[in-house]
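Step one of this worksheet: look at the structure below.
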Amino acid sequence: MEQKFGVNSIDLQELYAFCEREGETISYQKGERMECEGKPSQWFGLVTKGCFKYVTQGISDGKEHITWFSFEGEYVGDYPSCLSGMPSQTTIEAMMPSRVVRLSGEQLVQMFSQSMKAMELRSIIGEHLLSQARARYLDFHRATPRERYDLLLRRCPGIVEHLPLHAIASFLNLTPQQLSRIRRSVTFED
Numbered sequence: 042m043e044q045k046f047g048v049n050s051i052d053l054q055e056l057y058a059f060c061e062r063e064g065e066t067i068s069y070q071k072g073e074r075m076e077c078e079g080k081p082s083q084w085f086g087l088v089t090k091g092c093f094k095y096v097t098q099g100i101s102d103g104k105e106h107i108t109w110f111s112f113e114g115e116y117v118g119d120y121p122s123c124l125s126g127m128p129s130q131t132t133i134e135a136m137m138p139s140r141v142v143r144l145s146g147e148q149l150v151q152m153f154s155q156s157m158k159a160m161e162l163r164s165i166i167g168e169h170l171l172s173q174a175r176a177r178y179l180d181f182h183r184a185t186p187r188e189r190y191d192l193l194l195r196r197c198p199g200i201v202e203h204l205p206l207h208a209i210a211s212f213l214n215l216t217p218q219q220l221s222r223i224r225r226s227v228t229f230e231d
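Under the working numbering, the residue at position 174 of the sequence shown is numbered 215, and the numbers go up by one with no gaps.
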């Protein structure tokens, strides 16, 4: 599977094989939702084409805030909520025509209970997610907006060709104008 946007840092072959064997391939059109914030989380899958954004609504302003992306070759879903059937913490929406090999949370829990190796995979995925979330949190405190933009480009080199400026700005917690200035300064440095 070609990774158009970025490089995944963990080996998902065992999980991918299980998804292929037990899951179903679902296509999503741009704007179609895989999960809705506040509703029971049901799905987990691997993105085989496209990109998804994770969106939450601001408490006081009601504005859309993008908190994460899942790209080709990565998994997608509200992992902890999916395993427990709790309400999803975000809305997960296709940003372009996309395809996912997906499983229900129940199927995933059943797979994890089959062997110690499968339980280790559950731990690896959880640790990976925690590590990603922690790095993102720390980056908001230790990195300038320009540095956060550079970090995103390293993770997802093709992102600027495929996603709108406002989506990238939201993910970086910037205004589109701030991001435009950063991009302009990058252009003139080259």
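By construction, the Cβ of each residue, glycine as well, lies at the ideal position given by its N, Cα and C atoms.
Considering only Pro217, Cys123 and Leu193, the residue with the shortest C-alpha distance to Trp109 is Leu193. Under the three-state reduction of DSSP, Cys197 is assigned to coil, being neither helix nor strand.
In the DSSP assignment, Tyr95 forms a beta bridge with Trp109 and Ile133. A distance below 6 Å between beta-carbons, with the five flanking residues on each side excluded, links Gly64 to the following residues of its chain, in chain order: Val142, Arg143 and Leu144. Assigned with DSSP and collapsed to three states, Ile67 falls in strand.
Beta-bridge partners assigned by DSSP to Pro81: Pro128. Note: Ser145 is bridge-paired with Trp84 in the DSSP secondary-structure output. Annotation: the continuous beta strand (DSSP E) that includes Gly118 extends over Tyr116 to Gly118. Taking a 10 Å sphere around the C-beta of Val96, we find 16 or more other C-beta atoms and assign the residue as buried.
The distance from the Cβ of Gly79 to that of Gly118 is about 16 Å, inconsistent with a contact at the 8 Å cut-off. The C-beta distance from Ile107 to Phe212 rounds to 4 Å, short enough to fall under 8 Å.
In this structure, Ser129 lies near Ser82, with their beta-carbon atoms less than 8 Å apart. Of the candidates Met160, Glu147 and Ile100, Ile100 places its Cα closest to the Cα of Thr131. Secondary structure at Lys104: coil, using DSSP grouped into helix, strand and coil. Between Lys94 and Met136, the gap from beta carbon to beta carbon is short of 8 Å.
By the Cβ neighbour-count rule, Leu171 is exposed, with fewer than 16 other Cβ atoms within 10 Å of its own.
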